[in-house]
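In this text, residue positions in the sequence shown follow our numbering: the first is 1, and each later residue adds one.
Beta carbons are placed, not taken as given, at the ideal position from N, Cα and C, and that holds for glycine.
Contents: one structure, followed by commentary.
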Amino acid sequence: MARYKPQDRNSMLLPVVLSEQIVPGSFAFALDYLVDNELDLKAMDAKFKNDSVGASAYDPASCSRSFYWPTAKA
Numbered sequence: 001m002a003r004y005k006p007q008d009r010n011s012m013l014l015p016v017v018l019s020e021q022i023v024p025g026s027f028a029f030a031l032d033y034l035v036d037n038e039l040d041l042k043a044m045d046a047k048f049k050n051d052s053v054g055a056s057a058y059d060p061a062s063c064s065r066s067f068y069w070p071t072a073k074a
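Here it is as structure tokens:
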């Protein structure tokens, strides 16, 4: 099982709660739902060989969001 860096969408480093900023019915909301619930990202777990050694990787879901958002807006 791959180890991923922890994600915290409600980080206190920002003055806003990011999960509350995504308006239901918007493109960002739909993209967030699709990445979390519909995309099967388990195949990417096999690519990371950091079970016992090595640095933790970025979560494929957050990387997918970072890729699909600007691609769809172009």
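Straight-line gap, residue i to residue j (C-alpha atoms, nearest Å)
i	j	result
valine 16	valine 23	14 Å
alanine 30	glutamine 21	13 Å
tyrosine 58	alanine 2	10 Å
Whole-Å CB distance - residue i paired with residue j, under 8 Å assumed
i	j	result
proline 70	methionine 44	Actually they do not touch by this definition, with Cβ atoms about 20 Å apart.
Nearest residue (CA-CA) to residue i, options the options
i	options	result
lysine 5	Tyr68, Phe67, Ala72 and Phe48	Phe48
aspartate 36	Ser62, Asn50 and Arg3	Ser62
arginine 65	Arg3, Leu34, Ala2 and Gly25	Leu34
glutamine 7	Phe67, Ser56, Ala72 and Tyr68	Ser56
DSSP state of residue i mapped onto helix, strand, coil
i	result
tyrosine 4	strand
alanine 57	strand
serine 70	Before going further, note that residue 70 is proline rather than serine in the sequence given. Note: proline 70 maps to helix in three-state DSSP.
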